[in-house]
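Residue numbers (this note's numbering), protein chains in the order written: chain A, 1 to 336; chain B, 1001 to 1259.
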């Protein structure tokens, strides 16, 4: 195939498909075994300095915040992160000094809430590098190629733009149509963490919402940590297997964390904690503020339950439930 | 700026955005104005408009303004709650009539920058990046762009970074680059007017001025020359009922529309 153009972005997390298969054969057990552990154990076992990490969900939705906080607590460093619409998670991890490289589809903003002071400051001062650009479909399809066990997937986006020039894609002449076509390289994150509604002790996980990219991401990440609102019996999973988005085969750790997406949303359970997000957006305008936030909400607590208590406890959580079901009015405390 | 006491310029923009959309079509929306405009269109002239969200919400009955294009409101009473792969594949395969985006910077061919101001590697200002914008603009049959504040800073001769494709550098450039045939920018909406693109040159061309706006104001607020039609129309104005829907039903807090 004739290569017409090559993006100059860094090729993060690509592996030869045979090497990827070898890794799976050596590291992914086919045995149904108990994988439950604490967030602390999961992070210390599966997240290493320098890893390429990816967080599930989308923006402020269904995010594994328990793992995000634990990565900060364990002071992991030099991480590269998939900015696959990674927003609150990436902002805090960059602000905390854990992530210093990102491949960006959408980051550094909180959608309607405005831009991210902490991570933008780090990028604009050169402390965090954007090593490649892409788009949301561009990232999504990096995971798709990897989960399919193929080196790349052809697509018709990114063409003709600087986003394409700064990506890790190549444009070739399609041998079938003769037209230019974009080739999106596979991405295998070293570790991914995904928050789900329910999961059994083996890692069979069900999501009662849009899957976003988690069907693909769960299957291509080399190590996968599942955090779950609740541990369910295997029998419960088997009763409605069509709800299982992630099979145990690809899972390395199962961590039970009720309200584990807070302050982000868990669809059908609880809405965003806008007060908490507003506090982060306000404090993170300065590095001192970031440190204040982290020492209070991350280093200052022993467990996720203690953290929730600090954020308003049962009263706040009940409010977030009512808000999710539209029984409380909209609020926008971050609005200037 | 509309010289009207009945509404502010953001409410007017949302109304104009809605007026461009058509019933029984699909629209793939970005955050903010595009969602509000689609909600208003559904509540007025386009009840069968199907709204598509990139994270997998297909055809929801939106109960309130979503803050994010991936939250539960985006698949509330939807026809499907699927995945990004599904939403993006449907788009690439040709199922999306309208793409609808906001932008920070645009050039005369409708190319958009939402990535950086300044140099890429050490930017003066880092913006969020493409998100789904490059995808929507590549795949949707007709792209609508809203720029809330047209000025010499937002209508620029040269983008700092070409995040999202318009007509690239002119006629046939999209096809030459490999983008789907017949796609491209369709309308641009600002606080001053509604624009389309000249068929031959693919350059931005005025369609209508908002009430009270003069041609000179449009020209002064652009680094590049805007083409003019033989006859310049006047943009329509919202009814009291449309304003009531915007203020009471869609954005009561004034997150996007202001207070």
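For every residue, glycine included, the Cβ atom is placed at its ideal position computed from N, Cα and C.
Remember, it's a predicted structure, so these values are computed and weren't measured experimentally.
Helix, strand or coil for residue 297 of chain A? Go by DSSP, reduced to three states. helix
Between the stretch 1079-1099 of chain B and chain A, which residues of the former have CB atoms less than 7 Å from a CB of the latter, in chain order? 1081, 1082, 1083, 1084, 1085, 1088 and 1092
Coarse secondary structure for residue 1154 of chain B, derived from DSSP in three states: coil
Counting only the same chain and skipping the five closest in sequence on each side, list residues whose C-beta sits under 8 Å from that of residue 1075 of chain B. 1053, 1056, 1057, 1058, 1060 and 1081
Using DSSP's beta-bridge definition, name the partner residues of residue 1233 of chain B. B:1208
Flag this pair as yes or no: are the beta carbons of residue 1123 of chain B and residue 123 of chain A separated by less than 8 Å? yes
Which partner residues of residue 152 of chain A appear in the DSSP bridge assignment? A:185
Count the other CB atoms, across all protein chains shown, that sit within 10 Å of the CB of residue 314 of chain A; report buried if there are 16 or more and exposed otherwise. exposed
Can you pull out the residues from the stretch 57-71 of chain A whose beta carbon lies closer than 8 Å to at least one beta carbon of chain B? 57, 58, 59, 60 and 61
Neighbour flag for residue 267 of chain A against chain B, beta carbons, 8 Å: yes
Taking 8 Å as the threshold, find out whether the stretch 179-190 of chain A comes into contact with the stretch 142-157 of chain A through three or more Cβ pairs. yes
If you check the beta carbons only, do residue 229 of chain A and residue 263 of chain A fall under 8 Å apart? no
Listed in chain order, which residues of the stretch 290-301 of chain A have Cβ atoms closer than 8 Å to some Cβ of chain B? none
Return the residues of the stretch 1239-1257 of chain B that lie within a Cβ-Cβ distance of less than 8 Å from chain A, sorted by chain order. 1252, 1253, 1254, 1255 and 1256
Of all Cβ atoms in chain B, is any one closer than 8 Å to the Cβ of residue 142 of chain A? no
Using a C-beta cutoff of 8 Å, does residue 272 of chain A count as contacting chain B? yes
If you follow the alpha helix (DSSP H) that residue 163 of chain A is in, where does it begin and where does it stop? 162-165
Distance cutoff 8 Å, beta carbons only. Does residue 1120 of chain B sit that close to anything in chain A? yes
Check the Cβ-Cβ distances between residue 179 of chain A and every residue of chain B, and say whether any is below 8 Å. yes
Between which two residues does the alpha helix (DSSP H) holding residue 1244 of chain B run? 1240-1244
Under 8 Å, Cβ to Cβ, is there at least one residue of chain B near residue 162 of chain A? yes
In this structure, does DSSP put residue 1253 of chain B in helix, strand or coil? coil
Is there a C-beta anywhere in chain A that falls below 8 Å from the one on residue 1011 of chain B? no
Find the residues of chain A that neighbour residue 1138 of chain B, judging by a C-beta separation of less than 8 Å, and give them in chain order. 156, 157, 158 and 159
What does the Cβ neighbour count give for residue 328 of chain A, buried or exposed, with the cut at 16 atoms within 10 Å? exposed
Are residue 1108 of chain B and residue 1203 of chain B closer than 8 Å when you measure CB to CB? yes
Residue 191 of chain A and residue 226 of chain A - do their beta-carbons sit closer together than 8 Å? no
Please state whether DSSP places residue 1033 of chain B in a helix, a strand or coil. helix
Taking Cβ-Cβ distances shorter than 8 Å, what residues in chain B pair up with residue 209 of chain A? 1072, 1075 and 1081
Give a yes or no on whether the C-beta atoms belonging to residue 133 of chain A and residue 166 of chain A are separated by under 8 Å. yes
Nearest-angstrom Cα distance between residue 1215 of chain B and residue 93 of chain A? 48 Å
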